[in-house]
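Residue 226 is where the sequence shown starts when you use the working numbering, and the numbers rise one by one after that. Glycine included, every Cβ here is placed at the ideal spot set by N, Cα and C. Below: the structure, in structure tokens.
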Amino acid sequence: MIPGVPGDSQVYLNGEFLRLDEAKVSVLDRGFIFGDGIYEVVPVYNGNAFRMAEHLDRLDRSLAALRIASPLDRAGWIDLVAELIARGGMPTCLIYLQVTRGVYKRDHAFPPEPVAPTVFGMASAWSPPSAEQRARGISAIGIPDERWLHCEIKSVSLLGNVLARQQAVDAHVDEVVQFRDGYLTEGSSSNIWVVSQGKLLAPPKNNLILEGIRYGLLGELAAETGIPFEARRITREEVERADELLVTSATKEVLPILSLDGKPVGSGKPGPVYAQLRAGYDARIAAL
Ligand code: PMP
């Protein structure tokens, strides 16, 4: 039994669907030994994967960064996700996909001969943030970003993110806001947005942040609703003086951060830019 997960749920492993409690990988899998792999998390609403093409594009970018040939083509990934949704029996859920470099004698260097990547997929129960959660927003603390310099890769090597997230738990807040050399990067598992004088700001897309699928989406929604948007370096002071702070991720969708380091953000209530982007996000889901 794995605590918190129904053992009889169906997962995908290397071409087969099997019970979660029967899905096993080798202890020499390079994902286990080195964190040598990548993953994706795709939200599904009423049986429809949201922003699927963008998630699969990012999966391809992550695989290319690790020089792992994609084990499935685009149609294969789409079929796999559809099958996981159908077998999971949960119309609204999260689809987790993971690819590692596979199993080989332990050595840091890539295996010198072709090795089949390990491919894993599962559907997990998930509820989108409720009306109450949207109104309550989330709390955060600012911390130094101590992760590596390839945060743009959606790698399963997540120790820096794990330690960051635990700092939030230890401080009894929902998320961290990370700063590298005094500039905003991102959350432990989310992108962070600043609203200042009616303008939406985000850190630039580079190796210091993961380009969330919602990073592109919020840019589109801002353009549609006439909210000026700028991607640029943002100082800690600008974050602390923000009129609004927002967080985005597959699981959080878009939510307001209403307290930072124990102080209210702006008015301490969800702001007008949040409300507009939130409405746009909901409309995109409704149109799925
Ligand atoms: N940054 C990090 C470090 C993350 O783990 C995530 C969540 N996957 C995000 C940003 C947001 O990405 P997305 O919008 O694709 O969920």
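For THR325, no alpha helix (DSSP H) segment is defined; the enclosing uninterrupted segment is the beta strand (DSSP E) at 318-325. Contact check for THR325 against GLY256 passes: the beta carbons are separated by less than 7 Å.
Beta-bridge partners of ALA274 (DSSP): VAL269. Annotation for LEU470: the continuous beta strand (DSSP E) segment containing it runs 469-474. In the structure shown, the three-state DSSP call for GLU241 is strand. Relative to the non-hydrogen atoms of ligand 1, the Cβ of SER484 never comes closer than 6 Å to any of them. By the Cβ neighbour-count rule, ASN416 is buried, with 16 or more other Cβ atoms within 10 Å of its own.
Residues close to ligand 1 by the beta carbon criterion (under 6 Å to any non-hydrogen atom) are, from first to last along the chain, VAL266, ASN386, GLU411, SER414, SER415, ASN416, LEU435, GLY437, ILE438, ARG439, THR473, SER474 and ALA475. Given a length threshold of 3 residues, each whole run of the beta strand (DSSP E) inside the stretch 311-379 is given here in chain order: 318-325, 343-350 and 363-369. Judged by beta-carbon spacing, ILE366 lies within the 7 Å limit of ALA396, meaning their Cβ atoms are closer than that value. Bridge pairing for TYR408: ARG405 and THR460 [DSSP]. Between LEU483 and VAL401, the alpha-carbon positions lie close to 13 Å from each other. Within the DSSP bridge table, the entry for SER484 names SER364 and PRO489 as partners. Taking a cut-off of 8 Å for Cβ pairs, the stretch 305-322 and the stretch 347-354 touch, as three or more such pairs fall below it. Within the same chain, Cβ atoms closer than 6 Å to the Cβ of ALA274 are found at VAL267 and VAL306, the five residues on either side in sequence being excluded. Beta-bridge pairing by DSSP links PHE454 to LEU425. ALA389: member of the alpha helix (DSSP H) spanning 384-395, first to last residue. A contact between stretches requires three or more CB pairs, one per stretch, nearer than 8 Å, and the stretch 244-253 fails this requirement with the stretch 284-291. Close CB contacts of SER382 within its chain, under the 6 Å cut and outside five residues either way in sequence, are with GLY260 (chain order). Across the structure, SER492 and VAL394 are spaced so that their CA atoms are roughly 25 Å apart.
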